[in-house]
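**Student:** Numbering (UniProt numbering), first residue to last: 1 to 278.
#1: Under the three-state reduction of DSSP, which class applies to residue 227: helix, strand or coil?
#2: Could you check what DSSP says for residue 232 in three-state terms: helix, strand or coil?
#3: What residue range is occupied by the uninterrupted alpha helix (DSSP H) comprising residue 218?
#4: For residue 13, collect the residues of the same chain with a Cβ closer than 8 Å to its Cβ; drop the 5 residues on either side in sequence, then sort them by chain order.
#5: Roughly how many whole angstroms lie between the Cα atoms of residue 226 and residue 234?
#6: Within the chosen definition, does the stretch 244-256 reach the stretch 170-181 through at least 3 CB pairs nearer than 8 Å?
#7: Confirm, please, whether the CB-CB distance from residue 218 to residue 187 is below 8 Å.
#8: How would you write the range of the alpha helix (DSSP H) that residue 193 sits in, first residue to last?
#9: Using the rule of at least 16 other Cβ atoms within 10 Å of the residue's Cβ for burial, across every protein chain shown, is residue 230 buried or exposed?
#10: How should residue 189 be labelled, buried or exposed, when 16 other C-beta atoms within 10 angstroms of its C-beta is the threshold for buried?
#11: For residue 157, which three-state DSSP category applies?
#12: Based on DSSP bridge pairs, tell me the residues matched to residue 165.
#13: Quick one: is residue 5 buried, meaning 16 or more other Cβ sit within 10 Å of its Cβ, or exposed?
#14: Mark residue 162 as exposed unless 16 or more other C-beta atoms lie within 10 angstroms of its C-beta, in which case mark it buried.
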């Protein structure tokens, strides 16, 4: 038999494993953060620097095309004024030196032109000043705002909380209608709808030719030609026909069967009489 023995416990902590880094190329350098000044600060500093510069003195004009007005310095600095036919070949080096001086003078003149004080520069009007002063620009800027109120608004009338609009607020506030004009047009629309349309049906179920003639009559009477597709009249018709058709459906639910059929026959006979008179 085997004698009992006490075994040695394994170590609880394993040795640390190191992973060496092998790279063929060096690590990239991190560039320092570059602080860039604001554009307004740069412009203000440049203006302050230009204002501190002395004003340039005006140079008297001399006609260098005449030989009597030219000096030896002019002939030296501007060799194009010297007749090349009078120069011998031995003076070619002098001409090359003169050309180099002309190039240096032109480069210095360009550099000095960029440092001219802003008080000496030509003040050109901006586009914004032209837009406020010129009537052509003012009319062009106001035209889109005036045209927007004549376009058909988005959504359905009478549903401002569901993507639509309030017709009364739209016409009185945005389109500058008066209360008298709004009430007169609304009453006229209701009278023509009672005369020409079927009040038991909604706007979508009406005859399109009758709707077009009704809208045309209102437009001609109140001079509303600028409104796209006669949308104020059509919006009033939608609201009025919606209320009348819903009222008709509610009355049908509460009316007994015989009375309902009697009303249906009465409505059909009145419609036939209207078509015969029309």
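We treat Cβ as the ideally placed atom computed from N, Cα and C, and that holds for glycine.
**Tutor:** Reading from the atomic positions:
#1: DSSP places residue 227 in coil when its eight states are reduced to three.
#2: Three-state result, residue 232: helix.
#3: 208-222
#4: none
#5: 14 Å
#6: no
#7: no
#8: 179-196
#9: buried
#10: Under a 10 Å Cβ-count criterion, residue 189 is classified as buried, with 16 or more other Cβ atoms of the shown protein chains found around its own Cβ.
#11: DSSP places residue 157 in strand when its eight states are reduced to three.
#12: 157
#13: exposed
#14: exposed
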